[in-house]
Every structure is written in C-alpha cells, then in structure tokens.
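**Student:**
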Amino acid sequence: MNWLAIAPGRVNLIGEHTDYNGLPVLPMALDRDVRIEFAVADGPVVRLDSPLARLDTFAFQLKRPIEAADQGHWSNYVRAAANGLLEHGVPLKQGIEGTVTGDVPIASGLSSSSALVVASALALLKANGVEVAGASETTGGPASSTRAQPEPALSPRSPVAPISRLELATLMARAERFVGLEGGGMDQAACLHGAEGHALRIDFEPLRVTPVAVPEGWRWVVASSLVRAEKSRGARDAYNERAGQCREALAVLGSVFANDASVTAERDRPGVAPVSYRDLIADGDVDGLLERTRRILPPALFRRFRHVVTEGRRVALAEVAMREADMRGFGDLMVRSHESLRDDYAVSTSELDEIVTVALEAGAAGARLTGAGFGGCAVALCDAPTMGPVMDALSERFYGPRLSRPPSREEMFAAKPSGGARVRIRDSSGGGL
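Mind the numbering: the sequence shown is residues 84 to 516 in the numbering used here, read in order.
(1) Look at the alpha carbon of Cys-465 and the alpha carbon of Ala-401, and state the distance between them as a whole number of angstroms.
(2) If the criterion is Cβ atoms closer than 8 angstroms, does the pair Ile-508 and Trp-86 meet it?
(3) Let me know if Ala-282 comes out buried or exposed under the rule of 16 or more other beta-carbons within 10 Å of its beta-carbon.
(4) Output needed for Leu-435: all residues of its chain with C-beta closer than 6 angstroms, excluding positions within five of it in sequence on either side, in chain order.
(5) Applying the 10 Å Cβ sphere with the 16-neighbour rule, what's the burial state of Arg-483?
(6) Within 10 angstroms of the Cβ of Leu-169, are there 16 or more other Cβ atoms? Answer buried if so, exposed if not.
(7) Give me the residue from Val-117, Leu-106 and Met-84 with the minimum Cα distance to Ile-97.
(8) Starting from the Cα of Trp-303, find the closest Cα among Ala-504, Met-84, Tyr-103 and Pro-472 and give me that residue.
(9) Who are the Cβ neighbours of Ala-498 in its own chain at under 6 angstroms, not counting the five residues just before and after it?
(10) Using the C-alpha atoms, what's the distance from Ser-423 back to Arg-257?
(11) Would you identify the three-state DSSP class for His-171, choosing helix, strand or coil?
(12) Jot down the residue ranges of each uninterrupted alpha helix (DSSP H) in the stretch 416-462, minimum 4 residues, whole runs only, in chain order.
(13) Select from Leu-199, Gly-300, Leu-336 and Arg-162 the residue whose C-alpha is nearest the C-alpha of Phe-143.
(14) Closest to Ser-203 by CA distance: which of Ala-164, Pro-188 and Tyr-428 is it?
(15) Pick helix, strand or coil for Phe-340, following the three-state DSSP scheme.
(16) Helix, strand or coil for Pro-472 per DSSP?
(17) Report the option in Val-430, Gly-268, Glu-394 and Leu-275 whose CA atom is closest to the CA atom of Ile-246.
(18) In this structure, does DSSP put Phe-121 in helix, strand or coil?
(19) Pull up the DSSP beta-bridge partners for Met-111, would you.
(20) On a Cα-Cα basis, can you pick out the residue from Arg-411, Val-310, Asp-427 and Leu-175 that is closest to Arg-485?
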C-alpha cells in the first residue's frame, strides 16, 4: 500500500524573529505543500528520491545516532525528523521508501524545509503505527477557533502511545536544529495546525495555537525577491548571529533588572526560568522599557532588542485588527514590521525593499518581508479589486527588468490560508481516498 504525507508551507503575516525569543507570531499555512509518496520499507531504512531539481537520491539507516549528510544536503531535513523521533523514544522499526515532490518554492522563506521535516515525521510515524492525535488525517487540521491546550513537557514515550499535534510540533522544532539552525517553533506549528480560512496566533512556552479567521475580502500576494534564502547554507550564520545577540541582550538586562519587581514578578512563581522577553514586556509599557534599555545595551544589541519587543506588540495589535476586519490597521502594522526588520534587525535586502515599495504604491494595504529575510519573499495584503493591479505592478516594475518575462507561479502567486499536514492513502490513479 502506498501513502501520501502532505505538509504545507507557511507565510508569516507578522511576527518575525520573535518565536525563538518566546514571543508570539501570526502566520498562515499555505495552499502549497511538500508531499512524500511512500511505502513502508522492509526494515529500518529510509530511501527517498525526487524529480525536483537539485534533490538527489539518498538512503540512511534508522539507528541512533543518525549521521548528518554534508552541510546543505536536503536529506538532513529528513534525517532531522528521524533523529528527533528516535531521541524522543519513538521506536522506528520500519522505514519508508518513496518520492518527494511539492510546490512550495525552495529557499524562499516559505518554510519548505520545515514542511519536509513534518512530512517525513508523519510518514515515519505512519510506517510504525504511531497515531497522530488531534485531527483527522483527511481534513487537514482543526478548523475551530478554540484555543489549543498547553502541552506538557516532552518526555520519553510508550511505544504505542499516540502523539498529539502540539507535541509533534514542539518535537520537530527541536529536531530541526539537527541542521544547525537556532530556529523557533513557528514553522512546524503552522504546518501541523493549519486551518482553512484562518491565520494562526502561535504562542510559546508552552506552545499554544489559536486560529484567527481571515476576513472574507482580504487577499495575500506572495512575491519572490529572486534571491535564495538558504538557511542551511549562506544565511545560517547571520540568522544564528541574531539569535545569539537576542540572548546576549536578555542576559545583560536580566542582570541589570535582577532586583526590579516590575520585571521579576513573573519569575516569582516556582519553576519559572530566568528573565525572558515575555517577562520584560509583561506590564505592557514597551516604550518605557525601550527608554530604559537604550542607556544599558550597546547600539547593535539595542536595535535587535527593539525589534523583538516592538514586533511582539505588533502581533497583538495585528490579531485585533484581523478580528475587527481592519485591513488598513493590519497593513500599517505590516509596513512598520518591515521597517523594523530592515533597520533594526538588518535582515532585509534591496530587492525585498523594492517589492514592498512597488506593492504599496500600487495600492496594497500593507507589505513586508516574510520569513527570516536575507532574500526569500515578501507578502502584500490587498482587497480583491486591488490584488490584480498590485500583481501587475510587480510584474512590470520588479520582475520585468530582471527576468524580461512575466514571473512564474513560483515567483509570484496569490496565497490562501490552508489546512494542516496529514497522511492519506494513495490510490492507483494518483488520488487520495
């Protein structure tokens, strides 16, 4: 019997570089996905190939420790999933063999890598009879607007115990660090909890996912900068450097504010970790916090810190704007997010800046880079009458001079909020049952 593991990419609407700092994000799962058509292998081995360019055939044994391939090799994302499951105590006595396809543009900041990690995990769990609890395998995830329950800390599992989507998202976020990237948990949570017609407010420590309905008339345009954002390669060090700077800023402030009751109130509870970004902004006075920290932190650390705390506030405001169908308010927050990513976090590029400018001048309500930056894509918010003119302007003014042709469907497309990752039976005609 052949199976199909399907995992969507994601586009982050607002909340960039906040997840690994414990602050919320607001992405949506894309209507584009990574797919693994697989059969259960005869023994603990993974064998996968792909017709996609630059993805060569590979195989590895399911035994600890999983050995990494060369840096940048695509198999490391599959190995990451296997390694994470094995380290968590999931017995992988059966492997998978099959083919990887998909239409999430690679190295575009749309989480094709995390989609491959999640699809690989789902395929391996299916091959070993481990149930993924929390949603039907055929519906693609929860569609309710109720808040997901906090997940307890991960611990070794019984061989027959089901694994929840929240637990799997947390596990795969940790597992993906196998490739050497100090990421947070947004991508995996968005992939596993996608809900049609909804964005996702994702909170951390513990992981919680809250679907937020996207207003009926809102449209999203995703546009590639034509610069690859390969976090497993050139951009990895720059990404990790910023994560380290955020930790350094927090360590400095934690020492300075050690006796400050307004900061330490959250830490008075038993078992609470040292000061966090969430502690620092708990009283809501972000402007006052920035005034205090400007005098304490070196300029570079202060700029990184300022982006993180103001971006966390923008997520909260953006969720309110989306619930109230305030397109102009949401769009303004996107623009401010992009400016902060450009000026304070220094992850934008001239190409991303140009896409944002063209989209706004053509009538988009808002636009910003999406994903880690260093290339990749921008996302623009439009209404239905404006979407066509925005795409036309980008085609003419951004892509025309660079490509001498209209952009492909991988380079620019309209995106819709999609359902989450799932596994289904693959029938002989290529469809799902």
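Idealized CB from N, CA, C, for every residue including glycine.
**Tutor:** Considering the structure as presented:
(1) Cα to Cα, Cys-465 sits roughly 15 angstroms from Ala-401.
(2) Contact check for Ile-508 against Trp-86 passes: the beta carbons are separated by less than 8 angstroms.
(3) buried
(4) Excluding five sequence positions before and after Leu-435, the CB atoms of its chain that fall closer than 6 angstroms to its own CB belong to Ser-308, Leu-452 and Ala-461, given in chain order.
(5) For the sequence presented, residue 483 should be read as Gly rather than Arg. By the neighbour-count criterion, in which 16 or more other beta carbons inside 10 Å mark a residue as buried, Gly-483 falls on the exposed side.
(6) When all chains shown are included, Leu-169 counts as buried.
(7) Leu-106
(8) Pro-472
(9) Val-94, Leu-113, Trp-303 and Val-305
(10) 27 angstroms
(11) coil
(12) 433-444
(13) Taking only the C-alpha atoms, the option nearest Phe-143 is Arg-162.
(14) Ala-164
(15) coil
(16) helix
(17) Leu-275
(18) Phe-121 falls in the strand class under three-state DSSP.
(19) Val-94
(20) Val-310
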